[in-house]
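Written below as structure tokens is the structure these notes are about.
Residue numbers (my numbering): 72 to 751.
The following block contains the structure:
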């Protein structure tokens, strides 16, 4: 253990690197890293279980920098402890192509566990990490074989606590009794606009205590021994997460900027940096770290010892429980079971054979019955809408915890796999991101499509981080009827399709829904949004099931409605409107107008197809008419001659009345096609 002087020098190394990197970039946030440096020494220097040589080692502790603007704290720690992050990368802070982006990015910098920056989401991701650890431990550990046994630590600041999502996360962490979650609060009283007291008067310790957390209050955030002792105490908790309130000074060491907003988001300036070096007793040139300090920080030997000890334990576990060891390894790799492809085919074929008329939300549940039975890693849930989202199955009992904080198991020894998130859409989405990042589970969760607005930034973060997270969004249009425009999604499908790396599916029937689920589960590097109907949808007979997974396919040709003619137009439709397109096709056939119907359940998937396939589905020279109960803007990129959509909000009325009112009738679609042909 480092002595007091060593600890001071270790902390000052972080402060110096933060000052120097921000100054060189002429951009960044030096104050928070300088204020949290001692917290970092206490955690990373004395408690954190990790291995710089193998950042992905399974049983490592997870560290989340929720106040991600303090990125130089994390980059300094990764560099000093021995990760593959050379000093030159710190010198290139915030520059194009460097591994030291303005905010930490998972998959971009070794040792970064999650992408943070949007405040509040990091601590919420941490709840997901801790939940995944607790569930995997309950599922796989056996007496004498604790192969899943690590903590999740998070640093967070006032901004994270002001964001509403933190309330959602804190409440769920307490309800789930996540005793291996330890949050260290950088209580410096400063945000961008200055002293927070006029606008942030929450009693944070009482708030966390009320949510079922242990609280270790008023710890000197610059006393490494006191901080380390608080962390040690937190680690003894068996039934509650812990908040450690660390009283700190933002910009610690800066004689003119400490404890002021000026330390937050701009370089200190060369003169102030020189003054700060003098105050800290740090006489070294910019980016120069003494070898003795490197030696004190070096975690490579300890990391190797941690992993070696665990590897021996896992070998004993593997010998005693080979099937469990194989399954845990498979799931942590993110591999699907070997028979998944066959399960997917069987599920789609069964849907096609039965040809049921059900709402696509029910079609989703039918597919989930098969997939949750075959994939024990599927971890579902809903934001208090289980009976509407239909995300529960026979294989996914409700997740519950007993009074001691242990995971309740079924009579068959299974853990619960359906989570009641409560009315917490944003929290659910960000927690699912944390679960996916941790590994071992594929999370999915449901709410109404209109409430995707609440969770949108977490959906965006999943896409940015390339995480396999599945959002089940039901009640996808004015077709939900009487609940009215507050619940009727109009712009949401188009809006979600704008998020890069997010797959969006709006299936038309049971087979398309089963395909959408199989594709979503196979997408290792992207999240998926499934947009599902409340109202029943008839099954659409299909020529072939093979092309559904390509996002769009030819559903019906003129010959299918008795016309031996080539099509003169193409109707493109999604979801519930596919039936409307088919009816319009038959109506037009009565007047000898030959039309092809293309079902496009996933525009995002179809857009990735090659030009040859796109041309085969949407031939050049034929007018294209899109039909979707949503805003029309996104459809013009397909060269449409017309779009039957809705560019206003909905109304409160029974669905059939609304369809007629807004022109979603076979007669109007047919008339729109004829009008487009006349203009050609």
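Cβ atoms here follow ideal geometry from the backbone N, Cα and C, with glycine treated the same way.
Considering only C-alpha positions, which residue in the set the options is nearest to residue i?
i: residue 380; options: 122, 244, 168; result: 122
i: residue 548; options: 536, 541, 535, 577; result: 577
i: residue 675; options: 564, 329, 688; result: 564
i: residue 111; options: 254, 189, 237; result: 254
i: residue 553; options: 505, 606, 512; result: 606
i: residue 456; options: 530, 439, 546; result: 546
i: residue 236; options: 218, 137, 327, 677; result: 137
i: residue 280; options: 244, 294, 264; result: 244
i: residue 199; options: 133, 154, 177; result: 133
i: residue 215; options: 388, 585, 469; result: 388
i: residue 618; options: 702, 412, 680; result: 680
i: residue 730; options: 705, 749, 750, 698; result: 698
i: residue 416; options: 303, 360, 590; result: 590
i: residue 351; options: 131, 555, 82; result: 82
i: residue 662; options: 526, 470, 639; result: 639
i: residue 471; options: 248, 504, 170, 557; result: 248
i: residue 322; options: 620, 119, 344, 527; result: 344
i: residue 118; options: 190, 78, 744, 299; result: 299
Would residue i be called buried (16 or more neighbouring beta carbons within 10 Å of its own) or exposed?
i: residue 289; result: exposed
i: residue 257; result: buried
i: residue 544; result: buried
i: residue 259; result: buried
i: residue 368; result: buried
i: residue 85; result: buried
i: residue 127; result: exposed
i: residue 159; result: exposed
i: residue 356; result: exposed
i: residue 319; result: buried
i: residue 647; result: buried
i: residue 481; result: exposed
i: residue 696; result: buried
i: residue 710; result: exposed
i: residue 164; result: buried
i: residue 129; result: buried
i: residue 146; result: buried
i: residue 420; result: exposed
i: residue 579; result: buried
The alpha helix (DSSP H) that contains residue i, what's its start and end?
i: residue 298; result: 295–305
i: residue 506; result: 496–509
i: residue 695; result: No alpha helix (DSSP H) holds residue 695; the beta strand (DSSP E) holding it covers 695–698.
i: residue 674; result: 674–677
i: residue 79; result: 75–96
i: residue 344; result: 341–351
i: residue 715; result: Element bounds for residue 715: not the alpha helix (DSSP H) but the beta strand (DSSP E), 713–715.
i: residue 688; result: 682–688
i: residue 491; result: Premise fails: residue 491 lies in the beta strand (DSSP E), 489–491, not in any alpha helix (DSSP H).
i: residue 277; result: 275–281
i: residue 102; result: 102–117
Could you tell me the boundaries of the beta strand (DSSP E) in which residue i lies?
i: residue 428; result: Segment: none, residue 428 is in no beta strand (DSSP E) and carries neither H nor E.
i: residue 289; result: 285–291
i: residue 131; result: Note, residue 131: premise wrong, no beta strand (DSSP E); not H, not E.
i: residue 670; result: 666–670
i: residue 514; result: 513–519
i: residue 644; result: 640–644
i: residue 627; result: 624–627
i: residue 651; result: Per DSSP, residue 651 belongs to no beta strand (DSSP E); it is in the alpha helix (DSSP H), 648–660.
i: residue 255; result: 252–258
i: residue 313; result: 313–318
> Are there three or more Cβ pairs, one per stretch, closer than 8 Å when the segment 201–211 is compared with the segment 141–148?
Replying inline: no
> In the segment 531–613, which residue ranges form an unbroken beta strand (DSSP E) of at least 3 residues, counting only runs that do not cross its ends?
Replying inline: 541–545, 574–576, 599–602
>> For the segment 563–578 against the segment 523–534, do three or more pairs of beta-carbon atoms, one drawn from each stretch, fall closer than 8 Å, so that the two count as touching?
In response: yes
> Is there contact here, the segment 91–107 with the segment 328–343, by at least three beta-carbon pairs under 8 Å?
Replying inline: yes
>> I'd like to know if the segment 629–641 and the segment 651–666 are in contact, where contact means that at least 3 CB-CB pairs between them fall below 8 Å.
In response: yes
> Should the segment 263–270 be regarded as contacting the segment 314–327, the criterion being three or more beta carbon pairs within less than 8 Å?
Replying inline: no
> Of all the beta strand (DSSP E) runs that stay within the bounds of the segment 131–182, which reach a length of 3 or more residues?
Replying inline: 133–136
> For the segment 377–452, which segments carrying the beta strand (DSSP E) assignment without a break, of at least 3 residues, lie completely within its bounds, in sequence order?
Replying inline: none
> Can you list the alpha helix (DSSP H) stretches of 4 or more residues lying completely in the segment 197–238, in chain order?
Replying inline: 229–233
> For the 8 Å Cβ check, are there 3 or more pairs between the segment 592–606 and the segment 622–631?
Replying inline: no
> Is the segment 498–505 close to the segment 471–478, with three or more CB pairs under 8 Å?
Replying inline: no
>> Measuring CB atoms only, is the segment 434–444 touching the segment 212–224, in the sense that at least three cross pairs come out at less than 8 Å?
In response: no
>> Does the structure place the segment 181–198 close enough to the segment 369–376 that three or more beta carbon pairs sit under 8 Å?
In response: no
> How about the segment 341–356 and the segment 291–299: do they share at least three Cβ pairs that are nearer than 8 Å?
Replying inline: no
>> Taking contact to mean 3 or more Cβ pairs, one atom from each stretch, closer than 8 Å, check whether the segment 448–462 and the segment 485–497 are in contact.
In response: yes
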